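**Q** Numbering (our numbering), first residue to last: 116 to 362.
#1: For residue 293, count the other beta carbons within 10 Å of its own beta carbon; 16 or more makes it buried, fewer makes it exposed. Which is it?
#2: Please classify residue 161: is it buried, with 16 or more other beta-carbons within 10 angstroms of its beta-carbon, or exposed?
#3: Can you check which of these residues, 284, 305, 130, 192, is closest to residue 328 by C-alpha distance?
#4: Which term fits residue 154, buried or exposed, when burial requires 16 or more other beta carbons within 10 angstroms of its beta carbon?
#5: Could you check which residue in 188, 326, 182 has the C-alpha nearest to that of residue 278?
#6: Give the straight-line distance between the Cα atoms of residue 345 and residue 239, rounded to the nearest whole angstrom.
#7: By DSSP, does residue 230 sit in helix, in strand, or in coil?
#8: Looking at C-alpha atoms only, which residue of 281, 323, 286, 265 is the closest neighbour of residue 306?
#9: Label residue 151 either buried or exposed according to how many other C-beta atoms from any shown protein chain fall within 10 Å of its C-beta, with 16 as the threshold for buried.
#10: Run the CB neighbour count on residue 144, radius 10 Å, all protein chains shown included, and call it buried at 16 or more, exposed below.
#11: Please identify the residue among 225, 319, 136 whose C-alpha is closest to the C-alpha of residue 116.
#12: Can you give the beta carbon distance from residue 324 to residue 134, rounded, assuming they're within the 8 Å contact cut?
#13: Our contact map puts residue 250 next to residue 175 with C-beta atoms below 8 Å; I'd like the distance itself, whole angstroms only.
#14: How long is the line joining the alpha carbons of residue 127 and residue 200, rounded to whole angstroms?
#15: Which residue comes first and which comes last in the alpha helix (DSSP H) that contains residue 144?
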């Protein structure tokens, strides 16, 4: 099947097979240009061309895993950060507001203790910022509380959309739990945000395509970040090159 026909098939019925075949055929300049033009058209039709500045504050809580994710800076003791104090957090949200940004994501390590989060949400909301959360784990009851405090979105990042690979890179978490969280976020009628990782050693492009297709099934999806792998010195993955933005 030629490239243009594959592109037409993907636009009408995106499947793992069709998307993978299209990506594998996009090797020359003409094919890549056609793919970019197609993606730009979809972007313009669905989200427009306006760039929106976003912000995040990290860490709002400390990661307490016994086995850290093997690509994360927390794997290396000297790179671990202490969570922000209330005073530091207040300065951060005020600075973000003064820069003209409208949204902030509160990010933290894996830690069941979410006791400081309500205070941080209130402080961020008092500055007029829209608030999203990227913290784990979150219970159903906690989601309800956070929503009542004004949180509009929560993350359930699939990162690596294949359970065995997910466990390899993130030994204390599971893809199944992230999917359950995504469903709960939608059940509570909050916006869903997620992240997928590209370029991890041994992870095929098809895994990212699979993740995109999985997330398409969530009507409440509002943001999807596709992040390139960037190796951290001192982790088991310090050797490979960073993910290329064009390869």
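Glycine residues also receive a C-beta, built at the ideal position from the N, C-alpha and C atoms. Bear in mind that the values here come from a model prediction, so they are computed numbers and not experimental data.
**A** Let me lay it out:
#1: buried
#2: exposed
#3: 130
#4: exposed
#5: 326
#6: 29 Å
#7: coil
#8: 265
#9: exposed
#10: exposed
#11: 136
#12: 5 Å
#13: 7 Å
#14: 50 Å
#15: 144 to 161
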